[in-house]
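Protein sequences, first through last, are from chains A and B. Here the first sequence stands for residues 5 to 345, numbered as in my numbering. Here the second sequence stands for residues 5 to 345, numbered as in my numbering. Notes follow the structure.
There are 2 protein chains.
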Amino acid sequence: MAKVGIRDVARAAQVSVTTVSHALSDTQGSRVNALTREHVRAVAEDLGYAPNRLASGLRNQRSYLLGLVSDEIATTPFAGEMILGAQDAAYERGWLLMMLDTASDRELEKRQISTLLQHQVDGIVYAKMYHQRVGLPAELAGVPTVLLDAVSEDGIVSSVVPDEVEAARAAVRALIGAGHRSIGFITNIDDIPATHGRFRGYREALREGGIEFDPALVVEAVSEAHGGRTAAYQLLSRPERPTALFCFNDRMAMGAYQAAGSLGLKIPHDVSVVGIDNLELIAGSLWPGLTTVALPHYGMGRWAVTRLLDEIEGTEEAEPVHIMFDCPLIERGSVAPPLQI
Amino acid sequence: MAKVGIRDVARAAQVSVTTVSHALSDTQGSRVNALTREHVRAVAEDLGYAPNRLASGLRNQRSYLLGLVSDEIATTPFAGEMILGAQDAAYERGWLLMMLDTASDRELEKRQISTLLQHQVDGIVYAKMYHQRVGLPAELAGVPTVLLDAVSEDGIVSSVVPDEVEAARAAVRALIGAGHRSIGFITNIDDIPATHGRFRGYREALREGGIEFDPALVVEAVSEAHGGRTAAYQLLSRPERPTALFCFNDRMAMGAYQAAGSLGLKIPHDVSVVGIDNLELIAGSLWPGLTTVALPHYGMGRWAVTRLLDEIEGTEEAEPVHIMFDCPLIERGSVAPPLQI
DNA sequence: CACGACATACAAAACGTTTTGCAAAGGGGC
DNA sequence: GCCCCTTTGCAAAACGTTTTGTATGTCGTG
Numbered sequence: 005m006a007k008v009g010i011r012d013v014a015r016a017a018q019v020s021v022t023t024v025s026h027a028l029s030d031t032q033g034s035r036v037n038a039l040t041r042e043h044v045r046a047v048a049e050d051l052g053y054a055p056n057r058l059a060s061g062l063r064n065q066r067s068y069l070l071g072l073v074s075d076e077i078a079t080t081p082f083a084g085e086m087i088l089g090a091q092d093a094a095y096e097r098g099w100l101l102m103m104l105d106t107a108s109d110r111e112l113e114k115r116q117i118s119t120l121l122q123h124q125v126d127g128i129v130y131a132k133m134y135h136q137r138v139g140l141p142a143e144l145a146g147v148p149t150v151l152l153d154a155v156s157e158d159g160i161v162s163s164v165v166p167d168e169v170e171a172a173r174a175a176v177r178a179l180i181g182a183g184h185r186s187i188g189f190i191t192n193i194d195d196i197p198a199t200h201g202r203f204r205g206y207r208e209a210l211r212e213g214g215i216e217f218d219p220a221l222v223v224e225a226v227s228e229a230h231g232g233r234t235a236a237y238q239l240l241s242r243p244e245r246p247t248a249l250f251c252f253n254d255r256m257a258m259g260a261y262q263a264a265g266s267l268g269l270k271i272p273h274d275v276s277v278v279g280i281d282n283l284e285l286i287a288g289s290l291w292p293g294l295t296t297v298a299l300p301h302y303g304m305g306r307w308a309v310t311r312l313l314d315e316i317e318g319t320e321e322a323e324p325v326h327i328m329f330d331c332p333l334i335e336r337g338s339v340a341p342p343l344q345i
Numbered sequence: 005m006a007k008v009g010i011r012d013v014a015r016a017a018q019v020s021v022t023t024v025s026h027a028l029s030d031t032q033g034s035r036v037n038a039l040t041r042e043h044v045r046a047v048a049e050d051l052g053y054a055p056n057r058l059a060s061g062l063r064n065q066r067s068y069l070l071g072l073v074s075d076e077i078a079t080t081p082f083a084g085e086m087i088l089g090a091q092d093a094a095y096e097r098g099w100l101l102m103m104l105d106t107a108s109d110r111e112l113e114k115r116q117i118s119t120l121l122q123h124q125v126d127g128i129v130y131a132k133m134y135h136q137r138v139g140l141p142a143e144l145a146g147v148p149t150v151l152l153d154a155v156s157e158d159g160i161v162s163s164v165v166p167d168e169v170e171a172a173r174a175a176v177r178a179l180i181g182a183g184h185r186s187i188g189f190i191t192n193i194d195d196i197p198a199t200h201g202r203f204r205g206y207r208e209a210l211r212e213g214g215i216e217f218d219p220a221l222v223v224e225a226v227s228e229a230h231g232g233r234t235a236a237y238q239l240l241s242r243p244e245r246p247t248a249l250f251c252f253n254d255r256m257a258m259g260a261y262q263a264a265g266s267l268g269l270k271i272p273h274d275v276s277v278v279g280i281d282n283l284e285l286i287a288g289s290l291w292p293g294l295t296t297v298a299l300p301h302y303g304m305g306r307w308a309v310t311r312l313l314d315e316i317e318g319t320e321e322a323e324p325v326h327i328m329f330d331c332p333l334i335e336r337g338s339v340a341p342p343l344q345i
């Protein structure tokens, strides 16, 4: 069963290839009779004809291919949602996405981008697996590009990142709303936007709640379960222990659960905990379920591709847009009113 | 900066496009002088020329594109490794991979496959996110295809799956090796190959160790943390409780940790636990770290693409191959000798 | 010295589309 | 009834490669 091409359709429909082409793409001013069009369409359908995108891409200088280059796709659990969002948005508009993992290797990244360009991708989503500032690779100059979960130093291309400050505020507000006044903050040690943004959100939420900031309630650690565990242990074993903990992420919150358990404290009865990330695997598996703030990976992925396609298809040169996505609170069972109230 | 094409190189090098083409692809019998070749190459390099894959694909009837269709990429944590393996293998051989998520929707799957085919992909990896038997979509007939983490009912295309029996045996052997004789099995309730394979592996390992199978030590539950928790609670609260638990997966093992904790039992001192999956996020975050068996997702992804490319590039029709991948034991800290020995 | 064989380079066709320019036919206004 | 305009269809060129067939010279051999 050889591939059926446009000439096969033309032959079967007793018209020229030109007419077939016109009949199948409605865009042109009616250069074909409605009846002929119907007839051609029926024949094409019948033969199972689908245009060869390689050929039409060559002719139109448009491949309907998008590249997505990102660091460490595999090692992080966020990737899935982000990519799915991007994929969905692309597919809905008739485009396909090609992902490449740079493994954070600048040299590899360079080669991958040029491979993508060789395949004539019409644009590139440059993604990072956690919110960061980046310098745009030189190879991307002149190529429509959108940043996903990253902002560029020169602000020259559109970008989307989560609103870290708001995320932290939402988390802490949930605790304050439950009546807590002594809220520990288990933060991480990396110098990344999330660290600073969430710290600011923590302080802003406290201020809003009329609670004085107490530096003694902030503990830094590596952003893993064990870091969260030691930090929480430290905070919870004090005589004047906080009644709630706001953790930098869900993994650290998991560590907090472990520390609470080893100190004989029950969550949420003795201590409330909130995280950030909404990693289903962790937040949903903990017991009780972890109340946390979701990072809108799916939505950001969608937005990035949608924006990229708008820029590609748009006629006029559009100004780059930089947006921050809201992060919704996901309530499970780790927040309750404080004990002594 | 307009794209530089082969004719630009020809002009700059003062030769014909034919010569440029020949000079750049060494495959042909030397139809070009070594000196000319060097010269052309230098000029091409200089101009930053890279052939347009769309055009060469059209001419060669080979797109150097592969499709990867899979169910639920986003919702499962395995996806990353599997896709990364596939991606790496493809990239190393000069191919690109286009992923599509069918969301387990048969209708969507159909459309996605035909989209891929329109883009002239040279082959398709049909992947599932957990080991299962599948019927191959009719659209794939005649298209080079390899199954990833799935086997087809008719065995007509090559496939790769994990060796479930061996995985379970490795896990249980680790417990027996530590001295355990009373080993509970927390299994799941779904009728999938993993359930049956791991049960068989459990029994085989017991037999090898000269331990009699005791149906009372097997408890079924949903394969989530809460399922593991209730099952483990049930097993561990018996007067004659098992000294070790083999859990269907890491999430259920996490539930076992919770049950042990609520019963005041320490892992691994009072009870040993092993899982299957090696989900870094869970196995590495638990305290103590979970000893578990890794499912070789990265390797399977690599194998699938490598095999697919061999079949595509191979001259003769190759017989389909069905292989099972070994699953290595990953030791962390959840296994110790039993208490009373 | 002449002829053939070989090395080297080029022109042209092909891959499967889309689109532009052109021609034929049909219809309406005068 | 003639002319012009509109509608409808077709032929051909173009997109950027690769490859086949052919032409030109050069060298070696008889």
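Ideal Cβ placement from N, Cα and C applies to all residues, glycine included.
Kindly list, in the order they appear in chain A, the residues whose Cβ is closer than 7 angstroms to that of residue i.
i: B/Arg11; result: Chain A residues near B/Arg11: none, gap ~15 angstroms exceeds 7 angstroms.
i: B/Asp105; result: Leu88 and Gln91
What does residue i touch in chain A if you count any residue whose Cβ is under 8 angstroms from its own?
i: B/Ile286; result: Leu285, Ile286 and Ser289
i: B/Ala59; result: Leu62
i: B/Ser118; result: Ala54
Quick one: which chain B residues come within Cβ less than 9 angstroms of residue i?
i: A/Met304; result: Here the premise fails: no neighbours, minimum Cβ distance about 13 angstroms.
With 16 other CB atoms within 10 Å as the buried threshold, where does residue i fall?
i: A/Ser74; result: buried
i: B/Ser227; result: buried
i: B/Glu111; result: exposed
i: B/Ala363; result: Outside the shown range of chain B, which is 5 to 345, sits residue 363 of chain B, and nothing can be said about it.
i: A/Asn64; result: exposed
i: B/Asp281; result: buried
i: B/Gln116; result: buried
i: B/Gln124; result: buried
i: B/Ile77; result: buried
i: A/Arg202; result: buried
i: A/Asp30; result: exposed
i: B/Arg255; result: buried
i: B/Glu42; result: exposed
i: A/Ala175; result: buried
i: A/Ile2; result: Because chain A in this structure spans residues 5 to 345, residue 2 of chain A falls outside the shown range and cannot be described.
i: B/Leu88; result: buried
i: A/Arg218; result: Checking the sequence shown, residue 218 of chain A turns out to be Asp, not Arg. Exposed.
i: A/Glu216; result: exposed
Along chain B, in chain order, which residues have C-beta atoms closer than 8 angstroms to that of residue i?
i: A/Asn56; result: Leu62, Gln122 and Gln124
i: A/Leu144; result: Under the 8 angstroms cutoff, chain B gives no residues; its nearest Cβ is about 13 angstroms from A/Leu144.
Going along chain A, which residues have a C-beta under 9 angstroms from residue i?
i: B/Met102; result: Leu69, Leu100, Leu101, Met102 and Met103
- Query: Using a Cβ cut-off of 7 angstroms, which residues of the region 62-78 of chain A contact any Cβ in chain B, in chain order?
  - Reply: Leu62, Ser67, Ile77 and Ala78
- Item | Length-filtered (4 minimum) alpha helix (DSSP H) runs lying within the region 216-297 of chain B | 229-240, 254-266 and 284-287
- Message: For the pair the region 83-101 of chain B and the region 309-323 of chain B, tell me if three or more CB-CB distances fall below 8 angstroms.
- Response: yes
- Query: Counting pairs of beta carbons, one from the region 237-249 of chain B and one from the region 258-278 of chain B, are three or more of them closer than 8 angstroms?
  - Reply: yes
- Message: For the region 153-185 of chain B, list every residue whose C-beta sits within 8 angstroms of some C-beta in chain A, in sequence order.
- Response: none
- Query: According to a CB-to-CB cut-off of less than 7 angstroms, which residues of the region 247-273 of chain B neighbour chain A?
  - Reply: Arg255, Met258, Gln262 and Gly265
- Given a limit of 8 angstroms on CB to CB distance, which residues of the region 219-235 of chain B reach chain A? Glu228, Ala229, His230 and Arg233
- Message: Which runs of the alpha helix (DSSP H) at least 4 residues long sit entirely within the region 152-214 of chain A? Give them in chain order.
- Response: 168-181 and 197-212
- Message: For the pair the region 119-138 of chain A and the region 149-165 of chain A, tell me if three or more CB-CB distances fall below 8 angstroms.
- Response: yes
- Decide if the region 328-339 of chain B is in contact with the region 206-220 of chain B; the criterion is three or more beta carbon pairs, one per stretch, under 8 angstroms apart. no
- Message: Does the contact criterion of 3 or more C-beta pairs under 8 angstroms hold for the region 42-58 of chain A versus the region 265-277 of chain A?
- Response: no
- Task: Indicate whether the contact test is met: 3 or more Cβ pairs, each with one atom in the region 176-194 of chain B and one in the region 244-255 of chain B, closer than 8 angstroms.
- Result: yes
- Could you say if the region 290-307 of chain A and the region 7-16 of chain B meet the contact criterion of at least three C-beta pairs nearer than 8 angstroms? no
- Below 8 angstroms, can you find three or more Cβ-Cβ pairs linking the region 135-149 of chain A to the region 161-175 of chain A? yes
- Segment contact flag, the region 15-22 of chain B with the region 276-296 of chain A, C-beta cutoff 8 angstroms, min 3 pairs: no
- Message: Extract the residue ranges of the alpha helix (DSSP H) inside the region 33-94 of chain A, only unbroken runs of 4 or more that lie entirely within it.
- Response: 38-51 and 57-64
- Task: Just list the beta strand (DSSP E) runs in the region 302-340 of chain B, keeping only unbroken ones of 3 residues or longer that don't cross its boundaries, in chain order.
- Result: 326-329
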